[in-house]
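Numbering (this note's numbering), first residue to last: 1 to 413.
Notes to accompany the following structure.
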C-alpha cells in the first residue's frame, strides 16, 4: 500500500486499487487526474486486459464517471452492509470431476519457434529523408514561457520529464535528445544502439522536424520540443522507422515444445460471468465478453466437437506478430477446438474489430500453414467468428461454422 505517493518521479505500474479520500474540490481536476492516472498505466505489454478498482469520495467518483466520455468502460460493484463478498474464481483442470475423461478432453498444441525477430545491427541505416512525417510549425515563445520545459506522456498527458533552464538561461538540448532516445528504446525494448540513435535524433530535430532548420542551443527550440506535436512526431516517427528497418521474418519455424492443457496449473481470474464446462479439461469457461460465453455454449452443444478450451494466459499459447504500429507483439487466440484426435481448429471471436485483427489473422493463417507443413499427424485450421454474423446465421454445427465463416481465409484457400 502506498500513501500520498503522488510526487513527481513515482513510476509504479502495478497499481490495481485506488482509494481516493481527499476532498478533490478544486475545479482544475489536476489532483483527481493524477490520482486516477496512476492506476491507468498498463502493467503488461500487448493486448492483455487489465482492471483497476476505484473507491472514493463523491467528488472523486464524479470525476471518475466523467472519463466515460473518453471511451473508458466502467463497471459498478455494490459495497457495504448486505453485499456478498467478492471472491476470485479459480480456474483449474477438472481432475475431481468423475464425469470427465481428462485424457480424452485434453488438447496438445505444438509450440513453434518465433518467426518475427528484431535485427538490431541496422540502426546505422536510419535515414531521416525516407521517414514519412508531418513537419511541425516552429513557434516563438516569450522568455517567461521558455523558463520551464515540460514533457508529457503522449497518451495520458501526464508529466514524465522536466528540463529546467539554469539561472543564465542556457538550455541543454542534450538531455532532451537523450530523453527522446531513451523513450524510443524503452518502448521498443531495444537493448543497445543508444549512441547511434542519439545522433540520428539530434540531426532529425535540427534539420528536419520543424518547418525550418533550428538552433539546438536556443531556449526557444527546447520550448518547442516540449510541445506535444513535436514530442509525438519525434518518438512515433523513429519508432516506425526502426520497426520498418529492424523487424524481420525468419521465413520458417520449427517445433520446439508441446503444450498439454491438462498440465495447466490452477490460476485465479476476476469475479465475472462463467460457464460450467462439460467438454473442456477446465472446470469453468470465463469469457472476456458475453459473446465468448455464447460461443462456448455453442461449442458445448456441437455434436461434432470432442473438446474445446478457452485460451487463457496460463495456457501460454501465443503467436508473435507485427502489430499495426509495426512493433513485435504477442497474440493470444480465443479458443482451441478439438474436432477429433487428428483435427484441431483455432478460433478467434470478435465483437468489434480493430486495426490489429487482420494482422493477427494473417499470422494465425501463417501458423496454420507452418504446423501442417512441419507435421502430418494432426490437421490444423483456423476460423474467424464475428458476433454480428454468428447471431445472424446461427450455425447448427461446428463443421457448418468452419465452412461458412471464411473471412481472412479466402486468399489462402
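For each residue, glycine too, the CB sits at the ideal point set by N, CA and C.
In this structure, residue 136 lies away from residue 180, with their beta-carbon atoms at least 7 Å apart. Under DSSP, residue 349 takes part in a beta bridge, and its partners are 385. Close CB contacts of residue 248 within its chain, under the 8 Å cut and outside five residues either way in sequence, are with 116, 117, 118, 119 (chain order). Under DSSP, residue 118 forms a beta bridge with 247. Between residue 268 and residue 52, the C-beta spacing is not below 7 Å.
Under the three-state reduction of DSSP output, residue 123 falls in the helix class. The secondary-structure analysis by DSSP pairs residue 257 across a beta bridge with 111. The DSSP-derived three-state label of residue 376 is coil.
Runs of the beta strand (DSSP E) spanning 3 or more residues and lying entirely within the region 290-338 occur at 307-310, 319-322, 328-331, in chain order. Residue 75 and residue 308 have their C-alpha atoms some 29 Å from each other.
Between the beta-carbon of residue 313 and that of residue 332 there is about 7 Å, and that keeps the pair under the 8 Å contact cut.
If you look at residue 38, you'll find it in the alpha helix (DSSP H) that goes 30-39. DSSP, read as helix, strand or coil, puts residue 274 in strand. In the structure shown, residue 178 adopts helical secondary structure according to DSSP, grouped into three states. Taking every protein chain shown into account, the CB of residue 223 has 16 or more other CB atoms within 10 angstroms, so this residue is buried. Spanning the alpha carbons of residue 369 and residue 214 requires a straight line of approximately 52 Å.
A residue is called buried once 16 or more other Cβ atoms fall within 10 Å of its Cβ, and residue 272, having fewer, is exposed. A direct Cα-to-Cα measurement between residue 283 and residue 36 gives close to 36 Å. Note: residue 102 is not bridge-paired with any residue in the DSSP secondary-structure output. The way I'd put it, the region 260-267 doesn't touch the region 171-178; fewer than three beta-carbon pairs between them come closer than 8 Å.
380 is the residue among 380, 250, 240, 19 whose C-alpha sits nearest the C-alpha of residue 110. Distance between residue 315 and residue 277, taken at the CA atoms: about 17 Å.
DSSP places residue 83 in the coil class of the three-state scheme, outside both helix and strand. In this structure, residue 385 keeps its C-beta atom at 7 Å or more from the C-beta atom of residue 338. Its chain contains 334, 349 as the residues whose beta carbon lies nearer than 7 Å to that of residue 292, once the 5 sequence neighbours on both sides are disregarded; these appear in chain order.
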